[in-house]
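Asks: Under this note's numbering, the first residue of the sequence shown carries the number 308, and numbering increases by one thereafter. Just so you know, even glycine gets a beta-carbon here, dropped at the ideal spot from N, CA and C. Structure in structure tokens, see below.
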Amino acid sequence: MRSRIMLTSTILSVLLFAPILEARQCFAPIAGDAQPFLQATIEVSPGNKIFAERKCTVLLPYYKGHNGITAANCEANKDLITLDKGYAPLGVMFQGHKSTPKKDIVSYHWQIKDSRGRVLKEFDAWNAAFVFDQPGTYTAQLTVTGSGGTTSVASKTVTVWPRDGKSYYVDSVIGDDRFNGLSRTVAAGCNPSIEIKGTCSGPWKTATRAFNELAPYNVNASTGAAYKTDDFCKTQEIWQVRRYSDGLVYSLYRDSTNYSADVAKDAAGNLIPPDNIPVCVTLNTKRATVLQPGDSVLFRRGQAFALDTTIVTPSNLTRTIDGIVYHYEQLIPTAATNIGHWATAIGIHYGTYGDGPTPLINNTGRFSNIAINWQGLGAFHFAMTDLAFDLESPEYSIFNARSKQGNRAVLLNANGMPINFVFKRLSVKRFGQGIIMSTDGGETTRGDGFFLFDSTFFDSNVVHFFTQNAYKNAGIVGNSFDYSGNHIGYTSLDSSLIYGNKMSRPAFGRTAFRISGSNLPGDANTWIGHNIMEGWIDPRTIADDGREFSANGKSWNFSLVNISPNNADETANMHVLHDIVLANNTISGCMNCVNLGNLENFRMFGNTITSADTESRLSRVEISTDFSRRPSKNFKIFNNTFTDTGVHPFSGGAFFGLANYSKLPCDELANHTGIEIYSNTFNMADPEKKVLMHTPLAQYGTTELLSLDAAEAQLPTKVSLTDNVINTATPLAAMLQVGGDGTVQVNSRCGGNFVPYCSSVSALGKPTRFYNATSPFWIDHFDSNSIQ
């Protein structure tokens, strides 16, 4: 065996942030570096189409009176209306990824400073994000360092306005939802039972009232001091209903002539008895909100508040089964706070006043839906800070009868191209879903600005946070997300930052964090850094839901971090995910720890990846996942530490798995290229563990596998493996596999003979080759690695 050169700390420091080559994606070029000299650049989003076109119409009330903006001069001064100015708390995303030349920049460092120059926050990433709680003038400063040690500095000023609107107060002890909310104390001599609603001065009482003011219903004359969603209903009837099954989805229908085979049954096969449900046949009309830009709604600290989220309404439904038409009236749980297009309640802040513990908002409703459903266009500068939520109601709900996770609400859904939503220091537990930020998917109409900071989310039925269609400028920073019945964070992102979070205990088969791509060319320029992603052996999903995403309840998470498409639809996967960084994260408790696909210009460095898996043959990092519809191009994977403490009883799998690209061909690129794996440390307890498996070897347009000779010849053109340290108790074991699968126990099969390689056939009949440090192919191409 040739001698190996140990990698020194000096070499590692030089390689800490190696330059990456510029590249072009399949069918659509990525803008390159035209700038010949080092230049730090900071951009703040110009906003989406709504922001560009509606500054002087529906968004004017937010800016009117600031920077001299009036209705008369707005069109002439539209350039003064930008997303780095606004009411506190203000979230701002600072984009530094356009600093040039990117291929020569080896580090990015940010400092967020107040007006006295004090540093409030630092980031080592090409983007930065911050939520400014207090009014004032602030500066974001970016320093980029080139490969030769030269630096360039840029700065950006942020102006945060004090809230100059009205404050509305919520006090669950002395409050009354019939008050006007404008005073912390109750005015003497005013009786809300006989006065016109909203004329008595005093605080509101419930979170139901406070949130519904975003798009309020008129309430019934008989409404008491504490609003419930029944008060929004003009005509209510009690219906007898049954549950019907439709696959795994249970719907409710009025008890009438029915297709009895489809009625839900108990474990003994008996029809589940009908329930008596209050149904809102006719809703009250809505009225104009009193909330205006710059207003605040403040909950008193040290108190708990009731929240009723749902109105149940009927909907006609016709089903044809075996030629027979069945007519049903399906019951639809609808969000009580449902905000439509061009709401005037923009620039609103929900926060706290007084002293004591964080206010606790409890879901008390008979049914649960979405606490705040912002479904219309024009959702703009909404903020929520310092509030706690328990979103599981103690009430039984027939809508949640299948789930052992309870009658739970979703915190917030915004799907009308929202702009700059801020959430900071929230505590949310026992919820259906957390925060959903989605858009209609147009190139110029994507959501823009989502800031989730310093919050705690615990125990969800589905996701903790979700974005869709290449959502722009999302800053997810400093949060703790724990315990999900599905994914923790499921996203499609552009120019975003995922930084300093802890994401733990997703369901088995679901991820701690995923970027899934979209049909837009925008999942790019996102930095995922300094996070903790922890998997677990999930006992929950099958116990709660009777399912566990195809596991046995005894395995570590199947996939923990996934940056790849979520389906095989070529239309949905037409765009490459590009310029994404996964850096300085701690990833553990996983079978497959990182999935990568459809990627170009990807960097992965400084991560610590640990697995105790003993059950799977999966690679810890999979490159080119099944749904990839583009080859992988220009990867830099360096200075990571991989540690496997488990020993598989049969075959140990590998740290890296690379499938031959076998999907639709690209005009300019037939297969993977530029995958560089260097200066990493691999610690392995399993003598069967390989560093790299090149399999499967499927090819496009044929059922024939790529021959082993061809695969061996092509491998050095796809991937390089250099200057890594491999710590193993069996230095002469196989380090590389070409072909086959994970069903061969290598060392006992090969008997130490790896010259020129060890040939075998897997249990599934696939020809396989194994190489160790004595194999000529390893010596020719991978000999710079140190095996010890």
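For the candidate residues Pro442, Thr450, Ile412, whose alpha-carbon lies nearest to that of Glu429?
Replies: As a first step, residue 429 is located in the sequence shown; it is residue number 122 there, counting from the start. Checking every option, the nearest Cα to that of Glu429 belongs to Thr450.
Asks: Within this structure, are the beta carbons of Asn1034 and Ile984 separated by less than 8 angstroms?
Replies: Stepping through the sequence shown from its first residue, residue 1034 is reached at position 727. Stepping through the sequence shown from its first residue, residue 984 is reached at position 677. No, the Cβ-Cβ distance between Asn1034 and Ile984 is not below 8 angstroms.
Asks: Is the closest heavy atom of the ligand HEM to the C-beta of Gly658 under 7 angstroms?
Replies: Here there are no bound small molecules, and the ligand HEM is not part of this structure.
Asks: Is it true that the CB of Ala461 sits closer than 8 angstroms to the CB of Ile349?
Replies: Start at 1 with the first residue of the sequence shown, and residue 349 comes out as number 42. Start at 1 with the first residue of the sequence shown, and residue 461 comes out as number 154. Yes.
Asks: State the CB to CB distance for the pair Ser767 and Ser799, rounded to an integer number of angstroms; the pair is presumed to be in contact (CB under 8 angstroms).
Replies: The count along the sequence shown starts at 1 and reaches residue 767 at position 460. The count along the sequence shown starts at 1 and reaches residue 799 at position 492. Their Cβ separation, rounded to whole angstroms, is 19 angstroms, which puts Ser767 and Ser799 out of contact at 8 angstroms.
Asks: Per DSSP, what kind of secondary structure is Leu1013 in: helix, strand or coil?
Replies: To locate residue 1013, count along the sequence shown from 1; it is residue 706. Residue state, collapsed to three classes: coil.
Asks: Let me know the beta strand (DSSP E) ranges lying completely inside the segment 768-852, each 3 residues or longer, listed in chain order.
Replies: Counting whole runs of 3 or more residues, the segment 768-852 contains the beta strand (DSSP E) stretches 772-774, 778-784, 787-791, 796-798, 804-806, 809-811, 820-822, 831-836, 839-841.
Asks: Could you please give the first and the last residue of the uninterrupted beta strand (DSSP E) stretch that includes Ala652?
Replies: Start at 1 with the first residue of the sequence shown, and residue 652 comes out as number 345. No beta strand (DSSP E) contains Ala652, which DSSP labels as neither H nor E.
Asks: Mapping the DSSP letters down to three states, classify Tyr703 as helix, strand or coil.
Replies: For the purposes of this step, residue 703 is taken as the residue at position 396 of the sequence shown. DSSP places Tyr703 in coil when its eight states are reduced to three.
Asks: Measure the alpha-carbon distance for Val1062 versus Leu804 and round it to whole angstroms.
Replies: Counting from one through the sequence shown, the residue named residue 1062 turns up at place 755. Counting from one through the sequence shown, the residue named residue 804 turns up at place 497. Answer to the nearest angstrom: the Cα atoms are 48 angstroms apart.
Asks: Note the first and the last residue of the continuous alpha helix (DSSP H) segment covering Trp1085.
Replies: As a working note, residue 1085 is residue 778 in the sequence shown. Looking at the DSSP string, the run of the alpha helix (DSSP H) that includes Trp1085 is 1083-1089.
Asks: Cutting at 8 angstroms between CB atoms, please list the residues of its own chain near Ala453, excluding the five before and the five after it.
Replies: Sequence index remark: in the sequence shown, residue 453 carries index 146 (1-based). Looking at the sequence provided, one finds Gly at residue 453 rather than Ala. Closer than 8 angstroms at Cβ, skipping near neighbours: Leu345, Asp411, Ile412, Val413, Ser459.
Asks: What are the partner residues of Phe909, as DSSP defines its beta bridges?
Replies: As a working mapping, residue 909 is identified with position 602 in the sequence shown. Partner(s): Ile887, Phe942.
Asks: For Asp951, write down the residues that DSSP places opposite it in a beta bridge.
Replies: On the sequence shown, position 644 is the one that residue 951 refers to. Paired residue(s): Ser918, Met991.
Asks: Could you work out which residue in Gln1095, Ser1027, Glu1011, Lys1025 is closest to Ala1040 when comparing CA atoms only?
Replies: For this step, residue 1040 is matched to residue 733 along the sequence shown. The shortest Cα separation from Ala1040 among Gln1095, Ser1027, Glu1011, Lys1025 belongs to Gln1095.
Asks: Quick test of the definition: if touching needs 3 or more C-beta pairs under 8 angstroms, does the segment 920-933 touch the segment 895-908?
Replies: Flag = yes, the segment 920-933 and the segment 895-908 touch.
Asks: Helix, strand or coil, according to DSSP, for Ala1080 in the structure here?
Replies: Position 773 of the sequence shown, counting from 1, holds the residue named residue 1080. Residue state, collapsed to three classes: coil.
Asks: How long is the line joining the alpha carbons of Lys541 and Val586, rounded to whole angstroms?
Replies: Sequence index remark: in the sequence shown, residue 541 carries index 234 (1-based). Sequence index remark: in the sequence shown, residue 586 carries index 279 (1-based). Answer to the nearest angstrom: the Cα atoms are 11 angstroms apart.
Asks: Taking 8 angstroms as the threshold (C-beta atoms), are Ile646 and Gly683 in contact?
Replies: Stepping through the sequence shown from its first residue, residue 683 is reached at position 376. Stepping through the sequence shown from its first residue, residue 646 is reached at position 339. Cβ atoms of Gly683 and Ile646: closer than 8 angstroms.
Asks: What number of angstroms, rounded off, separates the C-alpha of Lys1073 from the C-alpha of Glu1011?
Replies: In the sequence shown, counting from the first residue as 1, residue 1073 sits at position 766. In the sequence shown, counting from the first residue as 1, residue 1011 sits at position 704. So the two alpha carbons sit approximately 11 angstroms from each other.
Asks: Would you grab the beta carbon distance between Gly672 and Glu699 for me? Rounded to a whole angstrom, and I think it's under 8 angstroms.
Replies: The count along the sequence shown starts at 1 and reaches residue 672 at position 365. The count along the sequence shown starts at 1 and reaches residue 699 at position 392. About 11 angstroms separates the two Cβ atoms, so there is no contact after all.
Asks: Tell me whether Phe344 sits in a helix, a strand or coil according to DSSP, three-state version.
Replies: Reading the sequence shown from its first residue, position 37 is the one you call residue 344. Three-state DSSP puts Phe344 in coil, outside helix and strand.
Asks: When the distance is taken between beta carbons, is Thr536 closer than 8 angstroms to Ala643?
Replies: Numbered from its first residue, the sequence shown carries residue 643 at position 336. Numbered from its first residue, the sequence shown carries residue 536 at position 229. Yes.
Asks: By the DSSP assignment, the beta strand (DSSP E) with Pro585 in it spans what residues?
Replies: Taking the first residue of the sequence shown as position 1, residue 585 is located at position 278. Looking at the DSSP string, the run of the beta strand (DSSP E) that includes Pro585 is 582-590.
Asks: Taking the alpha carbon of Leu397 as the point to measure from, which residue in Ile655, His885, Ala695 has its own alpha carbon closest?
Replies: Numbered from 1 along the sequence shown, position 90 holds the residue referred to as residue 397. Closest option to Leu397, Cα to Cα, is Ile655.
Asks: Can the beta-carbon of Asn669 be found closer than 8 angstroms to that of Phe760?
Replies: Within the sequence shown, residue 669 is the residue found at index 362, counting from 1. Within the sequence shown, residue 760 is the residue found at index 453, counting from 1. Against a cut-off of 8 angstroms, the Cβ pair of Phe760 and Asn669 comes out as no contact.
Asks: Within the continuous alpha helix (DSSP H) that includes Tyr1007, where are the two ends?
Replies: Taking the sequence shown and counting its residues from 1, the one referred to as residue 1007 is at position 700. Per DSSP, Tyr1007 belongs to no alpha helix (DSSP H) and is neither H nor E.
Asks: Contact check, Leu624 vs Val548 under 8 angstroms by CB: the rounded distance?
Replies: Against the sequence shown, residue 624 aligns to sequence position 317. Against the sequence shown, residue 548 aligns to sequence position 241. Their Cβ separation, rounded to whole angstroms, is 12 angstroms, which puts Leu624 and Val548 out of contact at 8 angstroms.
Asks: Check each candidate in Arg937, Asp993, Thr1009 and name the one with the smallest Cα separation from Asp974.
Replies: Within the sequence shown, residue 974 is the residue found at index 667, counting from 1. Comparing Cα-Cα distances from Asp974 to each of Arg937, Asp993, Thr1009, the minimum goes to Arg937.
Asks: Using only the alpha-carbon positions, how far apart do Ala330 and Val954 sit?
Replies: As a working mapping, residue 330 is identified with position 23 in the sequence shown. As a working mapping, residue 954 is identified with position 647 in the sequence shown. Reliability of the predicted coordinates at Ala330 is poor, the pLDDT of 37 falling under 50, and the value obtained from them is presented with this limitation in mind. Taking the straight line joining both Cα atoms gives about 39 angstroms.
Asks: Name the residue from Val477, Ile503, Ile835, Val1051 whose alpha carbon lies nearest to the alpha carbon of Ile492.
Replies: On the sequence shown, residue 492 is found 185 positions in, with the first residue counted as 1. One point to set straight first is that residue 492 is Thr, not Ile, in the sequence displayed. Selected option, being the one with the closest Cα: Val477.
Asks: Which of the three DSSP states is assigned to Ala250 in this structure?
Replies: Limits of the chain in this structure are 308 at one end and 1095 at the other, which puts residue 250 out of reach.
Asks: Going by DSSP, which residues form a beta bridge with Met691?
Replies: Taking the sequence shown and counting its residues from 1, the one referred to as residue 691 is at position 384. Paired residues: Tyr657, Phe730.
Asks: Can you tell which of Ile388, Ser762, Ser622 has its C-alpha closest to the C-alpha of Thr364?
Replies: In the sequence shown, the residue the question calls residue 364 occupies position 57. The shortest C-alpha separation from Thr364 is found at Ile388.
Asks: Let's test the definition: count the other Cβ atoms within 10 Å of the Cβ of Leu1013 and tell me whether it reaches 16, buried, or not, exposed.
Replies: Translated into positions along the sequence shown, residue 1013 becomes position 706. With 16 or more Cβ atoms within 10 Å of its Cβ, Leu1013 is classed as buried.
Asks: State the CB to CB distance for the pair Lys593 and Tyr657, rounded to an integer number of angstroms; the pair is presumed to be in contact (CB under 8 angstroms).
Replies: Working through the sequence shown from its first residue, we reach residue 593 at position 286. Working through the sequence shown from its first residue, we reach residue 657 at position 350. Incorrect: roughly 20 angstroms between the Cβ atoms, too far for contact.
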